[in-house]
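Enquirer: Pasting in a structure now, in structure tokens, and then I'll have a few things to ask.
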Amino acid sequence: MTWKTIRLELARTADHPNGSPAHAYVFRVPLDDEGLIDPSALRKAEKRPVVRRFWPGERDQNGVVISSEKGWAFSYKIGDDDDEVIFGLQSHPIKIGEYLTITETDGSELPFKVVSCQE
Numbered sequence: 002m003t004w005k006t007i008r009l010e011l012a013r014t015a016d017h018p019n020g021s022p023a024h025a026y027v028f029r030v031p032l033d034d035e036g037l038i039d040p041s042a043l044r045k046a047e048k049r050p051v052v053r054r055f056w057p058g059e060r061d062q063n064g065v066v067i068s069s070e071k072g073w074a075f076s077y078k079i080g081d082d083d084d085e086v087i088f089g090l091q092s093h094p095i096k097i098g099e100y101l102t103i104t105e106t107d108g109s110e111l112p113f114k115v116v117s118c119q120e
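If you want it as structure tokens, here you go:
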């Protein structure tokens, strides 16, 4: 298990046909050898798995990576009103070039590409 810092950037969408590096998340989680989040290591270090959300025209948001009923999520304050669920991350490895779908707080699902994953 190794703690990694991962950067996700918005992949191609109707509004951003070339994607958008300005719409991004940077987060830190413990990954096993297969690139999956290590749940026990994450629980043991509850303040270490942080996330920062960058969005044009909005103030950056800082939060934590949590395990919820819906799966792994980014959470910015206590309660689940602001949680952004990461689709399928329980069984999907985090590797450069892979894609993840994040459900925003308004319910929209957006694709993100893993552009970096480093210690």
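Under our numbering, the letters of the sequence shown match residues 2 to 120, in that order. Glycine is no exception: its CB is placed at the ideal position from the N, C-alpha and C atoms. No experiment lies behind these values; they were computed from the predicted model shown.
What does a CB cutoff of less than 8 Å around residue 100 pick up in its chain, not counting 5 residues either side in sequence?
Expert: Residue 100 sits at position 99 when you count from the first residue of the sequence shown. Once the five neighbours on either side are set aside, the close Cβ partners of residue 100 are 12, 112, 113, 114 and 115.
Enquirer: Give the straight-line distance between the Cα atoms of residue 76 and residue 56, rounded to the nearest whole angstrom.
Expert: The residue labelled residue 76 in the question sits at position 75 within the sequence shown. The residue labelled residue 56 in the question sits at position 55 within the sequence shown. If you take the alpha carbons of residue 76 and residue 56, they lie about 16 Å apart.
Enquirer: I need the DSSP call for residue 37, collapsed to helix, strand or coil.
Expert: On the sequence shown, residue 37 is found 36 positions in, with the first residue counted as 1. Looking at residue 37 - three-state DSSP - the assignment turns out to be coil, as it is neither helix nor strand.
Enquirer: Mapping DSSP to helix, strand and coil, what is residue 29?
Expert: The residue given as residue 29 occupies position 28 in the sequence shown. The answer is strand: DSSP assigns residue 29 an E or B state.
Enquirer: Quick one: is residue 60 buried, meaning 16 or more other Cβ sit within 10 Å of its Cβ, or exposed?
Expert: In the sequence shown, the residue the question calls residue 60 occupies position 59. Residue 60 should be labelled exposed.
Enquirer: Could you name the residues that DSSP lists as bridge partners for residue 63?
Expert: Reading the sequence shown from its first residue, position 62 is the one you call residue 63. Note: residue 63 sits in a beta bridge opposite 53.
Enquirer: Around the Cβ of residue 58, are there at least 16 other Cβ atoms within 10 angstroms (buried) or fewer (exposed)?
Expert: For the purposes of this step, residue 58 is taken as the residue at position 57 of the sequence shown. Exposed, since its Cβ has fewer than 16 Cβ neighbours within 10 Å.
Enquirer: Among 15, 33, 65 and 5, whose alpha-carbon lies nearest the alpha-carbon of residue 92?
Expert: In the sequence shown, residue 92 corresponds to position 91, counting from 1. Of the listed residues, the one whose Cα sits closest to residue 92 is 33.
Enquirer: Helix, strand or coil for residue 45? Go by DSSP, reduced to three states.
Expert: Here residue 45 refers to the residue found at position 44 of the sequence shown. Helix at residue 45.
Enquirer: Leaving out the 5 sequence neighbours to the left and right, which residues in its chain are closer than 8 Å to residue 106 when beta-carbon positions are compared?
Expert: Residue mapping note: residue 106 aligns to position 105 of the sequence shown, counting from 1. Only 82, 83, 84 and 85 meet the Cβ criterion.
Enquirer: Going straight from the alpha carbon of residue 72 to that of residue 2, what length do you get?
Expert: The residue labelled residue 72 in the question sits at position 71 within the sequence shown. The residue labelled residue 2 in the question sits at position 1 within the sequence shown. Roughly 20 Å separates the two Cα atoms.
Enquirer: Output needed for residue 54: all residues of its chain with C-beta closer than 6 Å, excluding positions within five of it in sequence on either side, in chain order.
Expert: For the purposes of this step, residue 54 is taken as the residue at position 53 of the sequence shown. The answer, listed in chain order, is 26 and 62.
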